[in-house]
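full-length UniProt numbering puts the sequence shown at residues 1 to 261. To start, the structure itself, in structure tokens.
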Amino acid sequence: MIRGLVFIAVGTALASALCFGVASSRGPMDFTLANIEWGSDSPNAAKGPQITRTLPWQGSHDLTVNIAGTFIIKQGDTPSITVTGPQKTVDDVELNSNSLDFSTPHRTLRRRKVVVTITAPALDTLTLNSFGVVDLQNYTQKTLDLTINGAASVKGTGSVERAKLVIDGAGSVDLSAMDMHELEVEMNGAGSVKAGPTAKANVSIDGAGAVKLTRRPTQFSKQINGAGSISVPDGASTPDHPDHPAPAEKQGDQTEDESSF
């Protein structure tokens with residue numbers, strides 16, 4: 001038995017020596033923290049020259065955003081999309097049939113310091129499938145259809161007749177500086193909305209979302225499932241409990257509770 005243990009020990013020593021010999025012949029491994037591709041909170045995130053690139057775009061009524069960054073959307077007669085940021089990241093942005101994407105898929109999960117400026121004469125439908133900050137500047141359209149899937153933050157100025165907001169996740173929308181007649185909100189998750197419709201508001205919350213109306217609309221309907229809340233000026237508010245569950249037979253845009261101020 002002792003003889004067998006001796007053979008095992010000698011064999012192990014020879015194998016270890018062989019491994020170290022191979023490693024030594026290859027030289028030191030090139031693996032340091034500097035080689036890791038960090039997010040925007042890291043000092044390595046914005047290395048490289050800063051460039052501005054213009055994407056060919058003829059304009060459209062709808063745009064889907066699948067990349068992270070800061071987005072400035074302006075009203076203008078000539079459609080254009082420009083991207084500013086680190087060259088490596090800017091070169092990776094592409095426009096596919098009115099959809100902004102990264103050509104390298106894994107980058108959609110990383111924080112990228114890019115600024116996208118969009119000038120659009122007729123854009124009225126915007127879908128955000130990533131995180132980022134969106135600034136709607138002097139937006140003037142008949143309608144605004146905004147869908148957020150994720151945790152994007154949106155603010156805006158201008159005027160619309162009707163705004164429809166669909167939030168799935170923790171998105172935040174502040175349109176309190178935008179004039180509007182009608183507002184429709186469909187929220188799933190823990191998002192937040194601040195807006196001031198004057199004529200009509202229809203709000204549906206499933207989860208812990210919060211809606212704050214900065215004006216008192218003439219007509220107001222609400223539906224809450226979960227711990228969501230809705231508030232209107234002068235202290236009138238919706239309790240934080242599921243007081244209006246949706247009936248099975250409900251159809252169309254009807255809601256369980258409707259009132260006029």
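We put the beta carbon where it would ideally sit given N, CA and C, even for glycine.
- Distances from the CA of Ala-199 to each of Phe-220, Gly-189, Lys-212 were compared; the closest alpha carbon is that of Phe-220.
- By the neighbour-count criterion, in which a residue is buried when 16 or more other Cβ atoms sit within 10 angstroms of its Cβ, Pro-217 is buried.
- In the DSSP assignment, Val-90 falls outside any beta strand (DSSP E) and lies within the alpha helix (DSSP H) extending over 87-90.
- Cβ contact annotation for Gly-196 (same chain, cutoff 6 Å, sequence separation greater than five): Ser-176, Thr-214, Arg-215, in chain order.
- Taking C-beta separations shorter than 6 Å and ignoring five residues to either side along the sequence, the partners of Leu-146 in its chain run Leu-126, Leu-165, following chain order.
- In the three-state reduction of the DSSP assignment, His-181 falls in the strand class, which pools E and B.
- Taking one beta carbon from each stretch, the stretch 113-132 and the stretch 47-62 have 3 or more pairs nearer than 8 Å; the two touch.
- DSSP lists Met-180 as the bridge partner or partners of Pro-197.
- Burial is judged here by how many other beta carbons sit within 10 angstroms of a residue's own beta carbon; Thr-89 has at least 16 and is buried.
- Here the alpha carbon of Gly-150 sits roughly 30 Å from the alpha carbon of Thr-78.
- DSSP, read as helix, strand or coil, puts Asp-234 in coil.
- Counting along the chain, Ser-221 sits inside the beta strand (DSSP E) bounded by residues 219-225.
- With distances taken between CA atoms, Ser-130 lies nearest to Gly-169 out of Gly-169, Leu-95, Gln-75.
- A distance of 9 Å or more separates the beta carbons of Ala-210 and Glu-182.
- In the same chain as Asn-138, and ignoring 5 residues on each side of it, the C-beta atoms closer than 8 Å to its own belong to Lys-74, Gln-75, Thr-157, Gly-158, in chain order.
- Taking a C-beta distance under 9 Å as the contact criterion, Val-133 and Val-154 qualify as a contact pair.
- The beta carbons of Thr-52 and Ser-80 sit no closer together than 9 Å.
- In the structure shown, Ser-60 falls within a coil segment according to DSSP collapsed to helix, strand and coil.
- Distance between Glu-94 and Thr-70, taken at the CA atoms: about 16 Å.
- In the three-state scheme derived from DSSP, where H, G and I count as helix and E and B as strand, Lys-212 is classed as strand.
- According to the DSSP secondary-structure assignment, Ala-163 is paired through a beta bridge with Leu-144, Leu-183.
- Linking Ile-72 to Asp-234 through their CA atoms gives a straight-line distance of about 33 Å.
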